[in-house]
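Below is one structure; the comments refer to it alone.
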Amino acid sequence: MADTRRGDRAAYAILVGRHAKRIFAICLAVVGNTHDAEDIAQDTLVKGFLQINTLRDEGQFAPWLTRIARNQCMDFLRRVKRGENFLEESRTKSQPHTSEYPELQSALRQLPEEFRLPLLLYYFDGQSIKNVAEPLNITEAGVHTRISRARKELRRILTEQGDKP
Amino acid sequence: MNPLCREWQSQIEAFVTGTLSTPRTDSLNQHLNNCDSCRKYLENLRDDHNHLTEFSNITNTTISRLEQNVLAAIAQVPMEQPSNTISIWRKIMKNRITKLATAAALILAVFYGLNLITWPAKGHNTAWAVEQTIQALKNVDTLYISGTINDGSPFKFWIKRNKEKEGFFKLRYESKDEVVVVQDTKIYAYSPQTNQLQILDKGQINNHWPLKFWFIMGELKLWTSGTIFQKMKQNATDWTETYGKDETTGRDCVFVTGSYASMSQYLWLEFDLGTKLVVRTKVWQNTKREGMPELNSDNFVYNQEIPDTRFDFEIPPGANINAGENSPEAKAQKLFEEGKYQEALLAYQEAYKKAPPAGMLQASMLSNMGQCYVSLGQQEKAKEIFQKAIREYRDPEVLGISYYNLGYLYSDLHQKDKALEAFRNCIQTVKGICGPNGFPIKNAREMMERLEKEGNDYPLKEKAMNLFEKENYQDALAVSLEIYKKTANPMNAAEALIWIGFCYEHLNQTEKAIEYYEKSIREYPQENLTPNWFYLGKVYQKTHQKEKALNAFKNCLRAGKTLPPEVFPLKDAREMIKKLESESSRP
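For the record, the sequence lines run as chains A and B. Take 284 as the starting number for the first sequence in this note's numbering and just add one per residue. Take 21 as the starting number for the second sequence in this note's numbering and just add one per residue.
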């Protein structure tokens with residue numbers, strides 16, 4: 284971490300390797316499609332490098348980066364909401380990636396964020412329930428419940444989608 | 021699902037994810053044999069689990085691409101990163117490094133730049149390539165360099181590799197300003213002007229950047245890969261290699277030059293084509309090679325026997341010894357970096373008195389004292405400190421940073437014009453000293469752009485702040501509502517909601533206050549929510565809703581989990597929780 288603070292890219296590469304999947308999962312959970320999630324995760328990780336000197340407690344790198352990711356996602360969603368060219372752009376940009384489980388992605392998008400985030404962190408980051416609970420400030424039992432509800436909700440949405448012609 | 025089977029659900033969940041214990045798995049299996057609906061539930065769950073796992077796996081290519089893109093993007097970032105940290109310590113560190121970085125790089129290359137460099141010589145002539153220099157350096161055990169530094173005053177530098185322990189070395193640097201001696205794991209840094217001596221062990225230097233620099237040389241963290249030349253070349257904006265003759269000896273040589281905008285430096289090196297080693301080096305503190313070079317060395321002596329006694333250090337009689345982390349400023353700095361601003365402030369005040377008057381050390385401490393006040397929410401005190409620094413420390417670099425600090429503070433206080441003026445002064449003061457993308461010039465420029473962009477909100481925000489100061493909450497409410505209605509900036513909107521709540525609270529309309537505080541938390545979850553929760557807690561407390569107040573204060577602490585513990589309102593929230601809990605435990 285100290286090396287990264289001095290601008291050592293090789294040291295930061297290690298951190299990227301360690302956190303990329305989790306950051307991607309968070310972005311996917313918030314914005315709901317892999318393409319935008321990838322863009323935002325990239326911005327987040329670059330921002331992490333640029334702003335590393337503002338991080339006071341090195342032990343807090345993971346939550347700090349998570350916060351950047353969430354802020355980036357919120358900015359993105361606000362821009363989309365305001366229709367500042369992003370809506371169309373993001374829709375068209377998302378097209379080539381629809382082969383990556385489009386039904387599942389669409390179903391995930393429909394899940395409430397409080398369910399989606401623990402679910403994706405659990406599956407994408409391969410995190411233990413305990414490690415999912417910590418950054419989300421919820422109990423382990425809470426994570427279990429949310430993942431369970433998320434799966435059920437997902438099943439309901441997928442079933443409904445399957446029923447459609 | 022049969023309602024009777026509901027209790028099996030959680031076990032099926034655990035079973036799918038492989039976390040169910042063996043005895044429970046056995047009993048679940050027994051149940052599954054006899055229950056169609058649970059079997060169906062299991063199948064569906066397993067399907068979804070597999071889908072999600074598979075989905076996660078196929079995104080692995082996305083993750084690899086993401087990682088590559090991030091690394092490619094940060095490779096484009098100039099090496100010297102402008103930071104938002106408003107600390108002069110970094111500047112001091114930079115001074116030291118910029119003055120000696122090139123010499124250090126060369127010395128390190130001399131001893132350790134072993135391999136991994138794939139840098140073909142440019143152009144048609146392959147008389148020299150850096151690999152040859154690297155090869156030649158492998159046979160170098162000692163080096164002596166002399167030349168001039170800063171204002172033309174002489175310096176001398178000796179370094180000797182420890183043949184038995186890789187990565188260890190002895191080093192001595194002497195100039196009129198300082199004497200530095202490294203003896204494998206110990207460093208002595210003596211300032212003849214102030215008679216201050218610092219002695220540190222290798223393990224003690226974490227919070228001591230200026231001295232740590234010398235050990236970085238020893239530990240080779242930045243240069244381990246041997247890619248220092250490669251980095252120097254990559255980051256130079258106009259790298260050239262020109263073949264010619266040495267002006268004194270007439271020997272064949274190659275002149276290598278490059279400029280570094282982010283560090284505001286121009287580098288000039290001469291390699292002897294016979295030995296492939298560096299024979300002269302010059303560094304300018306500007307990118308146009310104007311004026312005298314900051315560092316000028318034309319005497320490189322390789323492999324001359326240097327007796328170990330050269331690296332002895334005798335403590336000068338009467339020297340004030342600071343043993344590393346025990347020095348007052350190092351203690352204060354540590355507290356500052358840990359976010360313990362109240363303690364840091366006291367420590368700085370003590371250290372300030374003991375530091376040499378009107379020096380860079382005092383200036384840096386003053387700057388950090390101001391930062392402590394800012395973090396403790398005492399803006400007026402901070403302003404006094406930054407203004408004092410402007411009055412008393414006229415060194416352009418220090419002055420520029422003090423102006424930047426003041427500008428930043430004014431922008432926090434929504435005093436746009438004063439902030440702009442301070443940023444303009446900052447840029448004017450450091451112009452020519454620091455590169456256009458260096459700290460604080462770039463930061464001041466960015467702040468000015470931000471202030472101009474958010475211009476429409478500023479007059480209103482300033483108006484609201486004035487009304488708050490006069491405790492005129494009725495008018496402040498009207499202005500805050502106007503800001504919320506008009507602003508296009510989410511940060512300002514979030515802030516306006518708190519202000520509205522605050523006004524209602526002081527107008528004794530507590531329900532309205534709660535409504536707006538809650539609204540701000542709901543609508544702007546991405547902002548720093550510590551004050552929102554805190555104020556909400558206060559209203560609940562005021563209206564005797566103890567449980568809710570307690571929850572709000574706890575949420576405040578949760579929201580501020582990554583912030584330094586003393587920052588407003590975390591400390592206050594902690595006190596409130598303590599108070600409420602002690603009240604409820606009373607009979």
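A virtual CB, placed ideally from N, CA and C, is assigned to each residue, including glycine.
According to the DSSP secondary-structure assignment, B:GLY167 is paired through a beta bridge with B:PHE175 and B:SER317. Under the three-state reduction of DSSP, B:TYR263 is assigned to strand. If you look at B:TYR208, you'll find it isn't in any alpha helix (DSSP H); it sits in the beta strand (DSSP E) that goes 206-211.
Here DSSP, grouped into helix, strand and coil, assigns B:GLY278 to strand.
For B:GLN324, the closest alpha carbon among the candidates B:HIS564, B:ASN159 and B:GLY38 is that of B:ASN159. Annotated as proximal: A:ALA312 and A:LEU400, with beta-carbon spacing under 8 Å. Between the alpha carbons of B:ASN215 and B:TYR372 lies a gap of roughly 16 Å.
Only residues of its own chain outside the window of five on either side were considered, and among them CYS523, HIS526 and LEU527 have a CB closer than 7 Å to the CB of B:TYR493, listed in chain order.
By DSSP's assignment, A:VAL329 forms no beta bridge with any residue. Using a Cβ-Cβ cut-off of 8 Å, B:ALA93 counts as an interface residue toward chain A, since at least one Cβ of chain A sits closer than that to its own.
Within the region 314-334 of chain A, the residues whose Cβ lies closer than 8 Å to some Cβ of chain B are THR317, GLU321, ALA324, GLN325, LEU328, VAL329, PHE332, LEU333 and GLN334, listed in chain order. Contact between B:THR277 and B:LEU287 holds: CB atoms are separated by about 7 Å, below the 8 Å threshold. Contact with chain B is found for A:PRO346, since one of that chain's Cβ atoms lies less than 8 Å from the residue's Cβ. Under DSSP, B:TRP288 forms a beta bridge with B:THR277 and B:LYS302.
Contact with chain B is found for A:GLY300, since one of that chain's Cβ atoms lies less than 8 Å from the residue's Cβ. DSSP places B:PHE189 in the uninterrupted beta strand (DSSP E) bounded by 189-194.
Short of 6 Å from the beta carbon of B:TYR536, and not among the five residues preceding or following it, lie these beta carbons of its own chain, in chain order: LEU517, ILE520 and GLY521. Look at B:ARG271 here: in three-state DSSP terms it is coil, with no helix or strand label. Residue state for B:GLN216 is assigned as strand, using DSSP reduced to three classes.
Here the region 363-372 of chain B does not lie against the region 326-339 of chain B, with fewer than 3 beta-carbon pairs under 8 Å apart. Shortest Cα-Cα distance from A:ILE421 to any of B:GLU400, B:SER57 and B:ALA579 involves B:ALA579. For B:THR449, the CB contacts under 8 Å within the same chain, skipping 5 residues up- and downstream, are PRO416, LEU419, GLY420 and TYR423 in chain order. Using a Cβ distance threshold of 8 Å, A:ALA416 and A:GLU423 count as a contacting pair.
Annotation for A:ARG429: PHE398 and PRO401 place their beta carbon closer than 6 Å to its own, counting only its chain and skipping 5 residues before and after. By the Cβ-count criterion, B:GLU267 is exposed, with fewer than 16 other Cβ atoms from all chains shown falling within 10 Å of its own Cβ. Chain-ordered, the chain A residues with CB closer than 9 Å to the CB of B:LYS581 read GLN343, PRO346 and ASN420. If you look at B:VAL201, you'll find it in the beta strand (DSSP E) that goes 199-203. Near chain A, meaning a CB-to-CB distance below 7 Å, the residues of the region 59-83 of chain B are ASN64, LEU65, ASP68, HIS71, LEU72, THR73, PHE75, SER76, ILE78, THR79, THR82 and ILE83. Remark: C-beta atoms of A:ILE306 and A:LEU328 approach each other more closely than 8 Å.
In the pairwise beta carbon analysis, the region 426-434 of chain B is classified as touching the region 477-493 of chain B: at least three pairs are separated by under 8 Å.
B:LYS506 has its alpha-carbon roughly 20 Å from the corresponding atom of A:MET357.
Shown here, B:LYS451 sits in a strand according to DSSP, grouped into three states. Residues of chain A whose Cβ lies closer than 7 Å to the Cβ of B:ASN89 are, in chain order, GLN325. For the region 485-513 of chain B, the residues whose beta carbon sits under 7 Å from a beta carbon of chain A are, in order, PRO510. Using beta-carbon distances, A:LEU404 does not count as an interface residue toward chain B, since no partner is under 8 Å.
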